[in-house]
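Single-structure report; data block below.
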DNA sequence: ATGGTAGGTTGCCTA
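In this note's numbering, the protein residues as written are 6 to 264.
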């Protein structure tokens with residue numbers, strides 16, 4: 006019954022104490038991390054290995070950076086999203102572990118709308134769809150877990166009007182995510198909690214957004230049909246967001262039946 | 001119309 010979690014830590018260095026506490030308490034089998042903001046060399050391997058995790062990192066200096074942690078052996082690691090050899094941003098790492106294929110995904114933010122960054126976001130999502138299509142051909146259990154920087158529906162946002170012009174909620178961004186879902190992937194959290202409101206994974210640091218529950222749901226685990234067949238539970242763990250020195254994101258966790 | 005917060009390749013860029 007492996008559990009797979011996604012957690013945008015907003016700097017692994019700044020978040021290390023909180024992350025270690027959370028790993029020790031929640032004990033997820035596989036964890037996809039985003040926004041490490043460090044190189045592979047600078048990644049704090051030891052304290053995480055001491056909690057029983059193997060680690061695969063794709064980092065860069067200062068920004069972005071993704072990793073996979075797993076209690077099982079990590080095999081067949083792919084660093085970087087295929088489809089653009091010019092792209093140097095560390096936003097995608099994929100591997101086989103714990104009997105499933107897993108990717109840690111950090112979709113570009115894309116603000117401001119209409120900028121080069123927005124075009125990059127849409128192109129990146131299109132490349133992700135291409136990779137998802139390749140992965141689907143293997144007919145294995147696959148989990149694409151990460152910060153998608155897309156609010157799928159109005160229900161995933163405390164105030165849709167306030168986000169209407171934001172790259173996270175623009176129709177183009179939502180359509181790009183939907184294009185992946187339409188090819189047979191499911192949003193694990195929404196599949197098990199179809200009506201639930203206020204199911205957020207991100208609250209801005211500014212303006213007391215967390216205390217007011219002014220959040221958005223942008224961290225997702227997309228499941229291939231073979232993984233969806235095994236989906237048992239999906240939940241948002243708000244505890245890490247309550248702590249001092251919290252990330253602005255909080256983890257989402259799914260549990261899959263044994264395959 | 002501004003600034004509010006947090007992190008980093010810090011006195012500005014990204015989120």
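Ideal placement from N, C-alpha and C gives every residue a C-beta, glycine not left out.
query	result
Shortest alpha-carbon distance to residue 231 belongs to which of 36, 104, 10?	104
Could you tell me the distance, in whole angstroms, from the CA atom of residue 122 to the CA atom of residue 112?	11 Å
Excluding the 5 residues preceding and the 5 following residue 242 in the sequence, name in chain order all residues of the same chain whose CB lies nearer than 7 Å to its CB.	31, 255, 256, 258
Within 10 angstroms of the Cβ of residue 52, are there 16 or more other Cβ atoms? Answer buried if so, exposed if not.	exposed
Bridge partners for residue 106 per DSSP, in chain order?	101, 147
Going by alpha carbons, who is nearest to residue 183 out of 227, 160, 209, 203?	227
Under 7 Å Cβ to Cβ from residue 61, same chain only, skipping five residues before and after it: list those, please.	72, 73, 79, 82, 98, 100
CB-CB under 8 Å to residue 135, same chain, minus the five flanking residues each way: which ones, in chain order?	87, 88
Just verifying my parser: in three-state terms, what is the DSSP assignment at residue 41?	coil
If you drop the 5 nearest sequence neighbours on each side, which residues of the same chain put their C-beta closer than 7 Å to that of residue 192?	157, 186, 225, 227
Evaluate contact between the stretch 125 to 133 and the stretch 206 to 221, counting only Cβ atoms and requiring at least three cross-stretch pairs below 8 Å.	no
Is the beta carbon of residue 180 less than 9 Å from the beta carbon of residue 146?	no
So which of 168, 13, 194 has the shortest CA-CA distance to residue 297?	It is not possible to answer for residue 297, since the shown part of the chain is limited to 6 through 264.
Taking the straight line between their C-alpha atoms, what separation do you get for residue 43 and residue 18?	8 Å
What is the rounded straight-line gap between the Cα of residue 66 and the Cα of residue 48?	11 Å
Taking only the alpha-carbon atoms, compute the straight-line gap between residue 93 and residue 55 and give it to the nearest angstrom.	31 Å
Quick one: give me the first and last residue of the alpha helix (DSSP H) that residue 224 is part of.	Not the alpha helix (DSSP H): residue 224 falls in the beta strand (DSSP E), residues 224 to 228.
Tell whether a beta-carbon distance below 9 Å holds between residue 173 and residue 114.	yes
I want to check one thing, is the minimum distance from the CB of residue 58 to the heavy atoms of the ligand GDP below 8 Å?	Within the structure as shown, the ligand GDP is missing, as the structure has no ligands at all.
Enumerate, from N- to C-terminal direction, the unbroken alpha helix (DSSP H) stretches of 4 or more residues contained entirely within the stretch 60 to 142.	121 to 141
Classify residue 203: buried if its beta carbon has 16 or more other beta carbons within 10 angstroms, exposed otherwise.	exposed
Just the Cα atoms here: how many angstroms apart are residue 159 and residue 110?	23 Å
Since residue 260 sits in a beta bridge, which residues does DSSP pair it with?	8, 238
Thinking C-beta only, is residue 151 closer than 9 Å to residue 11?	yes
Run the CB neighbour count on residue 250, radius 10 Å, all protein chains shown included, and call it buried at 16 or more, exposed below.	exposed
Closest to residue 108 by C-alpha separation, out of 90, 126, 85, 16, would be which residue?	85
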